[in-house]
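These notes are about the structure you will find just below.
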Amino acid sequence: MVLVRRILYNILPLFFARPAAVRLPAASEWTYEEVLTWGSKFPKCNGARQSPIHLQTSKSYFPPLAPITFTNYNVPLAGNLVVKNNGHSIEMEIPPTTNGARPRISGAKLPGIFEAMGCHFHWGSRTSRGAEHVINGQRYDAELHIVHKNVRYATIAEAAANPDGLAVLGIMINIGRNVNRIYPGLNDIFNRLPNLINYQSSVPLGRQITLSQLLGDVNTNQFYTYEGSLTTPDCSEAVCWNVFPQPLYIPLAQMQKFWAIRDNKGAPMINNFRPVQAYNNRVIFARG
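First residue of the sequence shown? That's 95 in the working numbering, and the numbers climb one at a time after it.
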């Protein structure tokens, strides 16, 4: 009996321990020029649940699906918001709100409650469009990702090690003609881009915003949702994606600011998007 107890004492932690946290690669460890061979260095990028994908209404399943519930999205974010050039994108960490709680999402197909941690952009160039997800055959000019982690996990790295760890909202952005719509929050970020040309440069946003302002006037009741991955190395398959097909339209002058940004090697930071990946028999759900 003593021997049995000793064996159980040694092996039970192996069954109940959480997976080790993922170490997310630094900017210097990968490039978009090598996007087609990421899997040789980061094996998860060869997985069966990779993102982005081509979202098609004709291949989606429309079950009765609850809307996404947004909590604290209309409460101002606290502290000094800082926008940064991380070498591969323009990003902003999302702090708690002025009431002490983080913005959260739940509902739909989300496997839990998820709190917002950060946001970043993907874009193309003067001659190509750069949204990551393609929707019914159309690729938009850019895509904003708002990254959330499951409240069960303490950090993004820990969440990325679990299949229910992360949830990302994908917001399409497109160049429009005669656009006179002002998106508070988003425009504040766009207006800081000329100060973020160089790698590791950062600038305060300069004013208080709510996270809902980054959604603009997108119809959040209409979305695609599926099980996928991070779209950059290490490509962890830990993401519940929620992609809104209705784009936000911005003037060409705002998009041109993205094209002037430089990456961690000093080269133009353009076409920072991953090609679409295979479905591999995944079910794509849709609402709206």
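Each residue gets a CB set at the ideal place from its N, CA and C atoms; glycine is no exception.
query                                                                                                                                         : result
Does the beta-carbon distance from Ile338 to Asn375 come in below 8 Å?                                                                        : A small correction: the amino acid at residue 338 is Phe; Ile does not occupy that position in the sequence shown. No, Cβ-Cβ distance for Phe338 and Asn375 is not below 8 Å.
Sort out for me which residues DSSP pairs Ser296 with in a bridge.                                                                            : Lys178
To the nearest angstrom, how far is it from the Cα of Gly300 to the Cα of Ala172?                                                             : 12 Å
Is Ser155 buried or exposed, if buried means 16 or more other CB atoms sit within 10 Å of its CB?                                             : Looking at the sequence provided, one finds Tyr at residue 155 rather than Ser. Exposed, by the Cβ-count rule.
Would you check if the segment 271-281 and the segment 152-167 touch, i.e. whether three or more CB-CB distances between them fall below 8 Å? : no
Kindly indicate which residue of Leu149, Thr163, Thr165 and His242 has the alpha-carbon position closest to the one of Ile188.                : His242
Is there contact between the segment 243-263 and the segment 199-215, where contact requires at least three CB pairs shorter than 8 Å?        : yes
Just the C-alpha distance for Ser183 and Ile364, rounded to the nearest angstrom, thanks.                                                     : 9 Å
Comparing C-alpha positions only, which one of Pro369, Leu309 and Ala142 sits nearest to Leu263?                                              : Leu309
Is the Cβ-Cβ distance between Gln307 and Leu280 less than 8 Å?                                                                                : yes
Could you compute how far the alpha carbon of Cys329 sits from the alpha carbon of Gln144?                                                    : 7 Å
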